[in-house]
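Taken in order, the sequence shown gives residues 1 to 119; the numbers are from the UniProt record's numbering.
I have placed the structure first, in the form of structure tokens, so that the comments after it can refer back to it.
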Amino acid sequence: MGAAGRGHVGNAPAGQDVVALRAENDQLRRALAGRAVIDQARGMVMVLTPCRRGAAGDLLVDVSRQCDARLPEVAAALVGAWEGKPLPGRIQRELCRTLRRFHAENQGCDSRQPGGSSR
């Protein structure tokens with residue numbers, strides 16, 4: 001019979017395994033929730049810019065780095081702004097700078113549309 005059948009994994013008692021698994025479960029839930037907010041913000045950028053998924057993600061990462069903020073924090077702030085919450089000033093400033101730079105580099109983004117055509 002394997003370790004799982006005995007009620008513990010490796011050398012850890014079953015109670016410690018349960019605590020460790022609960023902590024891991026909580027961490028995974030937080031990561032998934034953060035991922036969902038990031039995907040939501042990425043979709044917002046894709047619609048507003050317009051650009052492809054990868055470019056939208058890169059834009060959010062750039063804003064995150066320039067603000068010295070974690071990506072989920074920037075994403076949550078952007079989604080919150082869409083829902084009527086004020087966008088923090090530092091994120092707003094960097095988002096504006098990054099969008100200006102993005103538009104300048106991509107000439108209005110038409111070339112970023114799937115298939116390379118404008119709509």
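No residue lacks a Cβ here, since even glycine has one placed at the ideal position from N, Cα and C.
I need the DSSP call for residue 58, collapsed to helix, strand or coil.
helix
Proximity to residue 100 [Cα-Cα], best of 83, 15, 59 and 39: 59
**Request:** Would you identify the three-state DSSP class for residue 43, choosing helix, strand or coil?
**Result:** helix
Beta-carbon within less than 6 Å of residue 94's beta-carbon, same chain only, minus the 5 sequence neighbours each way: which residues are those?
63, 66 and 67
ask   = Is DSSP giving residue 51 helix, strand or coil here?
value = coil
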